[in-house]
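Chains as they are written, first to last, in the working numbering: chain R, 1 to 318; chain G, 319 to 562. All C-beta atoms in this analysis are idealised placements derived from N, C-alpha and C, irrespective of residue type, glycine included. If you're wondering where the values come from, they're calculated on a predicted model, not measured in any experiment. Each remark here refers to the structure printed beneath this line.
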């Protein structure tokens, strides 16, 4: 896999504040890398350095093999960027704005018309092509921003919060668009929405205080959850005492948490030792005891829990 | 058409897509006319020239051009489009030049629309049209000087009001640098050559030479290098303050 984006010890300080602290990673073609992290973690600053808007205090960033500091024009040509908030010239229409961007990217004549028309279709902007961008809804503005980032079919796409502030339908649309483009591009996107990581990313990275904390597939990230491979068991009552003790006796079980022990139903969360799958052992035990099962399911783990425990270590135990 | 041209075109069309163009041109023409005919006593002088018309241009520009220039970079920064612009394959210099040229060209259009005054004076008498032409040239160059100052100040701040006020003050310094008001600040302690240098920076001195019909290369060089200097400063300011 060829690396399209390559960061080496990238660092940015604003006075005494270290915004990005020696971040290194590479992103290859076909990868969709999700940047996760609390506000002010350095996600946007990292993106601004990759795209050449900010000058790094130290380290290098390469896009498509070009160092963004030494060969900025070549690097920027293979780069599409959606800045946070999707800024655009408000008095222009989506059509004139896209024509401007395409011209800046060196397209002329028939090819320009073709590219602009194609892009407008891709992001469904034809209906508002001639309305000033200032008068458009947030969803349309975001699409205009996305359109300007992809009009030249770049090899590398950097999207800063591409779905922020969109309604669920619009989010779904934008994610679909990102997925269709993912195959032949390297994409980096930042997000606060953890479900988005599942929906579009092949790789997730948690950043906090300017440092990369974890880097892996969304599934690997989930595996770090305390509840990864935990089993949820719901039984119909009435039940004898000591169900919890029986479950705790099953091999591989670390602990059993009572979610609800009412008269009609009992619900337990059974946590495994070392994150190993325990559902078949539990299932056999339930069978032996001849309990009336309402639900038996595996918890894959919760990204938001992992996120919290990694970015706010002090509160992880509560 | 290069990238400077693409930016130039977008900016110039932008002026006309907003009320800025109409407001600026109408106010400019009204004030230019009012100054000429009332304060300048255009008719009562009984002379077929445009001296009263051009004499007010420095003062008109002093207020109006900062109003136009204040948005040049301040607005890009406020709207976040500066991030868009500088992540396109464009150099800092191309962006600075493209935006400046569009703004300068726009003032040129406003200036050109004063042609009825020129027609009037030609109907009323037989003016020296050569002098009028060099005056227009001088006025246009001076407008570029004010615009370049405004561009630099605009690159410094997100706040357009601050950009406006500072541009007016710096512009005033350049207009008056040949006058005692500015020179007195330096005359007590500065050496003579510095005083002469400062007074030679005056917009008025160079503009007056051109508006009397004298095309001196030094005056042209003065205005063009002044514009170059302030645009260079604009690029430096942008590089320095881009992130804020």
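CB contact below 8 Å: residue i versus chain R
{"i": "residue 405 of chain G", "result": "yes"}
{"i": "residue 560 of chain G", "result": "yes"}
{"i": "residue 381 of chain G", "result": "no"}
{"i": "residue 262 of chain G", "result": "An answer regarding residue 262 of chain G cannot be provided, because it is not within the stretch 319 to 562 covered by chain G."}
{"i": "residue 328 of chain G", "result": "yes"}
{"i": "residue 399 of chain G", "result": "yes"}
{"i": "residue 415 of chain G", "result": "no"}
{"i": "residue 389 of chain G", "result": "no"}
{"i": "residue 324 of chain G", "result": "yes"}
{"i": "residue 341 of chain G", "result": "no"}
{"i": "residue 456 of chain G", "result": "no"}
{"i": "residue 321 of chain G", "result": "yes"}
Backbone CA spacing between residue i and residue j [nearest angstrom]
{"i": "residue 317 of chain R", "j": "residue 309 of chain R", "result": "Per-residue confidence for residue 317 of chain R stands at a pLDDT of 45, beneath the threshold of 50, marking its modelled position as unreliable; no derived number is given."}
{"i": "residue 51 of chain R", "j": "residue 273 of chain R", "result": "44 Å"}
{"i": "residue 82 of chain R", "j": "residue 379 of chain G", "result": "38 Å"}
{"i": "residue 347 of chain G", "j": "residue 521 of chain G", "result": "22 Å"}
{"i": "residue 108 of chain R", "j": "residue 97 of chain R", "result": "15 Å"}
{"i": "residue 527 of chain G", "j": "residue 372 of chain G", "result": "12 Å"}
{"i": "residue 179 of chain R", "j": "residue 484 of chain G", "result": "49 Å"}
{"i": "residue 231 of chain R", "j": "residue 193 of chain R", "result": "25 Å"}
{"i": "residue 366 of chain G", "j": "residue 74 of chain R", "result": "58 Å"}
{"i": "residue 470 of chain G", "j": "residue 558 of chain G", "result": "12 Å"}
{"i": "residue 229 of chain R", "j": "residue 216 of chain R", "result": "18 Å"}
{"i": "residue 504 of chain G", "j": "residue 496 of chain G", "result": "12 Å"}
{"i": "residue 320 of chain R", "j": "residue 301 of chain R", "result": "Because chain R is modelled from 1 through 318, residue 320 of chain R falls outside the range shown and cannot be assessed."}
{"i": "residue 320 of chain R", "j": "residue 254 of chain R", "result": "Given a span of 1 to 318 for chain R in the structure shown, any question on residue 320 of chain R remains unanswerable."}
{"i": "residue 472 of chain G", "j": "residue 404 of chain G", "result": "17 Å"}
Interface flag, residue i vs chain G, CB-CB below 8 Å
{"i": "residue 53 of chain R", "result": "yes"}
{"i": "residue 105 of chain R", "result": "yes"}
{"i": "residue 88 of chain R", "result": "yes"}
{"i": "residue 85 of chain R", "result": "yes"}
{"i": "residue 140 of chain R", "result": "no"}
{"i": "residue 185 of chain R", "result": "no"}
{"i": "residue 91 of chain R", "result": "yes"}
{"i": "residue 73 of chain R", "result": "yes"}
{"i": "residue 100 of chain R", "result": "yes"}
For residue i, the three-state DSSP class (helix, strand or coil)
{"i": "residue 226 of chain R", "result": "coil"}
{"i": "residue 319 of chain G", "result": "coil"}
{"i": "residue 387 of chain G", "result": "helix"}
{"i": "residue 87 of chain R", "result": "coil"}
{"i": "residue 208 of chain R", "result": "strand"}
{"i": "residue 294 of chain R", "result": "strand"}
{"i": "residue 122 of chain R", "result": "helix"}
{"i": "residue 514 of chain G", "result": "helix"}
{"i": "residue 14 of chain R", "result": "strand"}
{"i": "residue 504 of chain G", "result": "helix"}
{"i": "residue 316 of chain R", "result": "Because residue 316 of chain R sits at a pLDDT of 43, beneath the cut-off of 50, its placement in the model cannot be relied upon, and the following sentence gives the value as read from the coordinates. Three-state DSSP puts residue 316 of chain R in coil, outside helix and strand."}
{"i": "residue 476 of chain G", "result": "coil"}
{"i": "residue 361 of chain G", "result": "coil"}
{"i": "residue 444 of chain G", "result": "coil"}
{"i": "residue 80 of chain R", "result": "strand"}
{"i": "residue 192 of chain R", "result": "coil"}
{"i": "residue 265 of chain R", "result": "strand"}
{"i": "residue 166 of chain R", "result": "coil"}
Given residue i as reference, the closest of the options once Cα atoms are compared
{"i": "residue 490 of chain G", "options": "G:342, G:376, G:544", "result": "G:376"}
{"i": "residue 244 of chain R", "options": "R:275, R:291, R:106", "result": "R:291"}
{"i": "residue 424 of chain G", "options": "G:508, G:401, G:390", "result": "G:390"}
{"i": "residue 516 of chain G", "options": "G:529, G:498, G:419", "result": "G:498"}
{"i": "residue 121 of chain R", "options": "R:30, R:90, R:94", "result": "R:94"}
{"i": "residue 113 of chain R", "options": "R:100, R:170, R:312", "result": "R:100"}
{"i": "residue 442 of chain G", "options": "G:525, G:530, G:412, G:362", "result": "G:362"}
{"i": "residue 298 of chain R", "options": "R:277, R:164, R:289, R:312", "result": "R:277"}
{"i": "residue 65 of chain R", "options": "R:27, R:11, R:15", "result": "R:27"}
{"i": "residue 330 of chain G", "options": "R:9, R:92, R:6, R:54", "result": "R:92"}
{"i": "residue 327 of chain R", "options": "R:295, R:191, R:49", "result": "Nothing can be reported for residue 327 of chain R, as the shown portion of chain R is limited to 1 through 318."}
Contact check, residue i vs residue j, beta carbons under 8 Å
{"i": "residue 281 of chain R", "j": "residue 249 of chain R", "result": "no"}
{"i": "residue 42 of chain R", "j": "residue 61 of chain R", "result": "no"}
{"i": "residue 582 of chain G", "j": "residue 381 of chain G", "result": "Lying outside 319 to 562, the shown extent of chain G, residue 582 of chain G is not represented and no answer is given."}
{"i": "residue 144 of chain R", "j": "residue 133 of chain R", "result": "yes"}
{"i": "residue 165 of chain R", "j": "residue 138 of chain R", "result": "yes"}
{"i": "residue 87 of chain R", "j": "residue 397 of chain G", "result": "yes"}
{"i": "residue 37 of chain R", "j": "residue 208 of chain R", "result": "yes"}
{"i": "residue 374 of chain G", "j": "residue 463 of chain G", "result": "no"}
{"i": "residue 204 of chain R", "j": "residue 212 of chain R", "result": "no"}
{"i": "residue 4 of chain R", "j": "residue 156 of chain R", "result": "yes"}
{"i": "residue 270 of chain R", "j": "residue 303 of chain R", "result": "no"}
{"i": "residue 167 of chain R", "j": "residue 84 of chain R", "result": "no"}
CB contact check: residue i to chain C, cutoff 8 Å
{"i": "residue 336 of chain G", "result": "Absent from the structure: chain C. Protein chains present are R and G."}
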